[in-house]
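Enquirer:
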Amino acid sequence: MATYEEVFRRSLEDPNGFWGEAAQNITWIKKWDKVLDDSNKPFYRWFTGGELNTCYNAVDRHVLAGRGDQAAIIYDSPVTGTVQKITYSEFLDQVSRLAGGLLSLGVKKGDTVVIYMPMVPQALVAMLACARIGAVHSVVFGGFAPKELAVRIDDAKPKAMISASCGIEGKKVIAYKPLLDRAIELASHKPDKCIILKRPQVEAPLSVGRDVDYDELLERSQPADCVTLAATDPLYILYTSGTTGVPKGIVRDNGGHAVAMYWTMKNIYAVEPGDVYWAASDVGWVVGHSYIVYAPLIYGATTIVYEGKPVGTPDAGAFWRVIDQHKVKVLFTAPTAFRAIKREDSKGEHLKKYDLSNFDALYLAGERTDPDTYQWAADLLERPVIDHWWQTETAWAIAGNCRGIELLPIKPGSATKPAPGYDVKILSPDNEEMPRNQPGVVAVKLPLPPGTLPTLWQADQRFLDSYLNPFPGYYFTGDEGYIDDDGYVFIMGRVDDVINVAGHRLSTGAMEEVIATHPDVAECAVIGAADNFKGQLPVGFVVLKAGVDRPAEELQAELVQMMRDQIGAVASFKKVAVVARLPKTRSGKILRGTMRKIADGAQYTAPSTIEDPVSLDEIGVALKGIGYPPPA
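Residues in the sequence shown are numbered consecutively from 1480, following our numbering.
1) Would you mind sorting residue 2193 into buried or exposed? The rule is 16 or more other CB atoms within 10 Å of its CB.
2) Across which residues does DSSP place residue 1807 in a beta bridge pair?
3) Using the C-alpha atoms, what's the distance from residue 2043 back to residue 1806?
4) Using the C-alpha atoms, what's the distance from residue 1910 back to residue 1950?
5) For a test of the three-state rule: what should DSSP assign to residue 1997, helix, strand or coil?
6) For the segment 1978–1985 and the segment 1932–1952, state whether three or more C-beta atom pairs, one from each stretch, are separated by less than 8 Å.
7) What whole-angstrom Cβ distance do residue 1840 and residue 1867 have, given they're in contact under 8 Å?
8) Taking the beta strand (DSSP E) that residue 2017 falls in, what are its first and last residues?
9) Name the one or two DSSP bridge partners that residue 1616 has.
10) Using a Cβ-Cβ cutoff of less than 8 Å, which residues in the same chain neighbour residue 2078 once the five nearest sequence positions on both sides are dropped?
11) For the alpha helix (DSSP H) that residue 1847 lies in, which residues bound it at each end?
12) Among the residues of its own chain, which have a CB less than 6 Å from the CB of residue 1516, if the five just before and after it don't count?
13) Looking only at its own chain, which residues have a Cβ that is under 6 Å from the Cβ of residue 1554, when we skip the five neighbours before and after it?
14) What residue range is occupied by the uninterrupted beta strand (DSSP E) comprising residue 1644?
15) List the DSSP bridge partners of residue 1519.
16) My understanding is that residue 1906 touches residue 1954, with C-beta atoms under 8 Å, so please give their C-beta distance in whole angstroms.
17) List the DSSP bridge partners of residue 1961.
18) With distances taken Cα to Cα, identify the nearest neighbour of residue 1645 among 1892, 1487, 1602, 2027.
19) Is the segment 1620–1627 close to the segment 1576–1588, with three or more CB pairs under 8 Å?
20) Along the chain, where does the alpha helix (DSSP H) containing residue 1499 start, and where does it finish?
21) Are residue 1735 and residue 1936 closer than 9 Å when you measure CB to CB?
22) Check the C-beta distance from residue 1673 over to residue 1658 and give it rounded, since I have them as a contact under 8 Å.
23) Given a threshold of 16 other Cβ atoms within 10 Å of its Cβ, counted over all protein chains shown, does residue 1710 qualify as buried or as exposed?
24) The alpha helix (DSSP H) spanning residue 2058 covers which residue range?
25) Since residue 1731 is in the beta strand (DSSP E), which residue starts that stretch and which ends it?
26) Grab the span of the beta strand (DSSP E) containing residue 1785 for me, first residue to last.
27) Could you tell me the distance, in whole angstroms, from the CA atom of residue 1680 to the CA atom of residue 1649?
28) Excluding the 5 residues preceding and the 5 following residue 2063 in the sequence, name in chain order all residues of the same chain whose CB lies nearer than 6 Å to its CB.
29) Tell me the DSSP secondary structure of residue 1829 in three-state form.
30) Is it true that the CB of residue 2054 sits closer than 9 Å to the CB of residue 2040?
31) Using a 10 Å radius around the Cβ and a threshold of 16 neighbouring Cβ atoms, would you call residue 2093 buried or exposed?
32) Pick helix, strand or coil for residue 1948, following the three-state DSSP scheme.
33) Tell me the DSSP bridge mates of residue 2006?
34) Quick check: what's the CA-CA separation for residue 1642 versus residue 1507?
35) Is the segment 1601–1615 in contact with the segment 1571–1579, if contact means three or more CB pairs nearer than 8 Å?
36) Would you say residue 1706 and residue 1611 are within 9 Å of each other, going by their C-beta atoms?
Spelled out as structure tokens, the structure:
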């Protein structure tokens, strides 16, 4: 077998040969003219001239190969007491019928469909049904606040929406229909149809003319065949926080994405077709798109759809029960999940009740895995615990330990080495490569490998401005980090104002916009402070309008409620400090980076451009008043 170094070197020196070979694992309607098309730099395209259908590759071909009786999906829902297996044949029937239903409602190739669903198999059916007919889907995390959903509706302009009567978060049942109706009310664009899955936990009255019952639509619809799509046609849009508070619509193509998804299952995760693979995430996030839906199904594995939590559904042994019951080979989740399990069951007593003999490895991503969590999980499981680093934009790991090629020694705190296809560099602000062990901006030399974003949804200029123009010739990741003497990549954090709360990337700019609407607030800033459990938590600073004098606790409660209403509970916004002024440069820029260092208890130097150095001391006093920095 080739070593990691040999595979990595070939991926950079001969991308056409490397990815052309990988593409042989995908079923093509028409083979490509070019593997890597660099005729329109910096807009690189993969497999131009090629034609395929992603749904066919994820569903039909496995049935045609005689594997229709294999489970495609295991739906495990401790919150409803449901365990259900759906074979590839059954899945094909549901997907093709919903595809036919969408066609009957006027949805056609090139249209967009917004999916706003809980963690149920129908969410996967919806995604694949769109892919089947060439409709571009955009999944929005179920339960997102109406305002945020409305922004995405206005950007994607869906012909139809697919939703459910409710989602279940732990012990809470969240009615989706009122949120959906309010979002459509707020949005300028109005979808023609809304397909609603009625769940028994919550009634959802249907609006006459617009709303359609999901089950009834499936019942009356004829199965639809797969349409032919260009490799470069869009498969989906996935919105991620932008630094301006306006979300960016990451575009994923069909060809390069299918090739990359298949390749990663074997080479990064070391699983085989037919194995049970579990990404404990949500279909609303990129992990859900890549590793609950597309990669396992394109590869022919069995994927788990889990509607529950790591703790509380019913206890901290929930993950071990799922691994044992369904013979899971690989689990991929966020470090936050393991921090929750560790907090509830630090000695791993629950693990003793279960048989994990089929279990090979744990993969963590979403935010950096701190060495303490890594060590605890590694000691408890006695199996490889692999931290890997990637982004919504890339769809798969930029750096990781490619266990299917060669398991490299693990260094806690590092995502190991760049994945094949990614030429990772650490740059200075002047676009110069930094020496080993020196921190700088993490960038990837162009071209990016297949599966990564070719552009933003109807926003080529914003794509250039956000990702390619900051460091010409490179993809700007927005992260800081360094590479050590052994070539291991260490990611230190974001360089912009997007913070990472339990794996959810959220814009502090969007949070500031909410706070600024409060009638008593003159100025505000939000930073992400380090948190041992969730990675980062937002902390708000407000300067009150002249003459306003009121209890800080009262104001904090109002702002927390506003944040829940407009951003959602996922923001975990709970702390607000009232200050006399915000520290700024002479040009008026708020020193958020310095404020974050104070909150984290890190060393900092006041920049020479600061307007008033005393303002930083005042921030320190205010932070102490709300418990920052936390005790070591």
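For each residue, glycine too, the CB sits at the ideal point set by N, CA and C.
Expert: Taking the structure as given:
1) An answer regarding residue 2193 cannot be provided, because it is not within the stretch 1480 to 2111 covered by the chain.
2) Locating residue 1807 in the sequence shown gives position 328, where the first residue counts as 1. Under DSSP, residue 1807 forms a beta bridge with 1755.
3) Locating residue 1806 in the sequence shown gives position 327, counting from the first residue. Locating residue 2043 in the sequence shown gives position 564, counting from the first residue. Pairing residue 1806 with residue 2043, the inter-Cα distance amounts to about 38 Å.
4) Here residue 1950 refers to the residue found at position 471 of the sequence shown. Here residue 1910 refers to the residue found at position 431 of the sequence shown. Pairing residue 1950 with residue 1910, the inter-Cα distance amounts to about 6 Å.
5) The count along the sequence shown starts at 1 and reaches residue 1997 at position 518. Three-state DSSP puts residue 1997 in coil, outside helix and strand.
6) The segment 1978–1985, when compared against the segment 1932–1952, does not touch it at the 8 Å Cβ threshold.
7) Indexing the sequence shown from 1 puts residue 1840 at position 361. Indexing the sequence shown from 1 puts residue 1867 at position 388. With 8 Å as the limit, residue 1840 and residue 1867 do not qualify as a contact, their Cβ atoms being about 11 Å apart.
8) In the sequence shown, counting from the first residue as 1, residue 2017 sits at position 538. Residues 2014–2023.
9) Walking along the sequence shown from the start, residue 1616 turns up at place 137. According to DSSP, which records beta bridges pairwise, residue 1616 is partnered with 1592, 1715.
10) As a working note, residue 2078 is residue 599 in the sequence shown. The answer, listed in chain order, is 2006, 2008, 2009, 2018, 2102, 2107, 2108.
11) If you number the sequence shown from 1, residue 1847 lands on position 368. No residue range can be given for residue 1847, since it is assigned to no alpha helix (DSSP H) and is classified by DSSP as neither H nor E.
12) Looking up residue 1516 in the sequence shown gives position 37. Here the set comprises 1524, 1527.
13) Against the sequence shown, residue 1554 aligns to sequence position 75. Cβ neighbours of residue 1554 beyond the five flanking positions: 1563, 1600, 1784.
14) Here residue 1644 is taken as the residue at index 165 of the sequence shown, counted from 1. Note, residue 1644: premise wrong, no beta strand (DSSP E); not H, not E.
15) Taking the first residue of the sequence shown as 1, we reach residue 1519 at position 40. Answer is none; residue 1519 lacks a bridge partner.
16) Along the sequence shown, one-based indexing puts residue 1906 at 427. Along the sequence shown, one-based indexing puts residue 1954 at 475. That pair is no contact at about 11 Å.
17) On the sequence shown, residue 1961 is found 482 positions in, with the first residue counted as 1. Beta-bridge pairing links residue 1961 to 1969.
18) In the sequence shown, counting from the first residue as 1, residue 1645 sits at position 166. Of the candidates 1892, 1487, 1602, 2027, the one whose C-alpha sits nearest the C-alpha of residue 1645 is 1602.
19) No, because fewer than three Cβ pairs between the segment 1620–1627 and the segment 1576–1588 fall closer than 8 Å, the two stretches do not touch.
20) Here residue 1499 refers to the residue found at position 20 when the sequence shown is read from its first residue. Per DSSP, residue 1499 is one residue of the alpha helix (DSSP H) stretching across 1494–1501.
21) Within the sequence shown, numbered from 1, the residue matching residue 1735 stands at position 256. Within the sequence shown, numbered from 1, the residue matching residue 1936 stands at position 457. In this structure, residue 1936 does not lie closer than 9 Å to residue 1735 by Cβ.
22) As a first step, residue 1673 must be located in the sequence shown, where it is residue number 194. As a first step, residue 1658 must be located in the sequence shown, where it is residue number 179. Not really, about 12 Å apart at Cβ, beyond 8 Å.
23) Against the sequence shown, residue 1710 aligns to sequence position 231. Taking every protein chain shown into account, the CB of residue 1710 has 16 or more other CB atoms within 10 angstroms, so this residue is buried.
24) The residue labelled residue 2058 in the question sits at position 579 within the sequence shown. Run containing residue 2058: none; DSSP gives neither H nor E here.
25) Residue numbering aside, residue 1731 sits at position 252 when the sequence shown is read from its first letter. Its beta strand (DSSP E) spans residues 1727–1732.
26) Taking the first residue of the sequence shown as 1, we reach residue 1785 at position 306. Per DSSP, the unbroken beta strand (DSSP E) holding residue 1785 starts and ends at 1781–1785.
27) What you label residue 1680 is simply residue 201 of the sequence shown in a count that begins at 1. What you label residue 1649 is simply residue 170 of the sequence shown in a count that begins at 1. In a straight line, the C-alpha of residue 1680 is about 14 Å away from that of residue 1649.
28) As a first step, residue 2063 is located in the sequence shown; it is residue number 584 there, counting from the start. So the qualifying residues of the chain are 2069, 2090.
29) Here residue 1829 corresponds to residue number 350 of the sequence shown, with the count starting at 1. Helix at residue 1829.
30) Along the sequence shown, one-based indexing puts residue 2040 at 561. Along the sequence shown, one-based indexing puts residue 2054 at 575. Against a cut-off of 9 Å, the Cβ pair of residue 2054 and residue 2040 comes out as no contact.
31) Here the question's residue 2093 lines up with position 614 in the sequence shown. By the 10 Å Cβ count, residue 2093 comes out exposed.
32) Position 469 of the sequence shown, counted from the first residue, corresponds to residue 1948. DSSP places residue 1948 in coil when its eight states are reduced to three.
33) Taking the sequence shown and counting its residues from 1, the one referred to as residue 2006 is at position 527. By DSSP's assignment, residue 2006 forms a beta bridge with 2018.
34) Mapped onto the sequence shown, residue 1642 falls at position 163. Mapped onto the sequence shown, residue 1507 falls at position 28. Residue 1507 has its alpha-carbon roughly 32 Å from the corresponding atom of residue 1642.
35) In the pairwise beta carbon analysis, the segment 1601–1615 is classified as touching the segment 1571–1579: at least three pairs are separated by under 8 Å.
36) Taking the first residue of the sequence shown as position 1, residue 1706 is located at position 227. Taking the first residue of the sequence shown as position 1, residue 1611 is located at position 132. Less than 9 Å divides the Cβ of residue 1706 from the Cβ of residue 1611.
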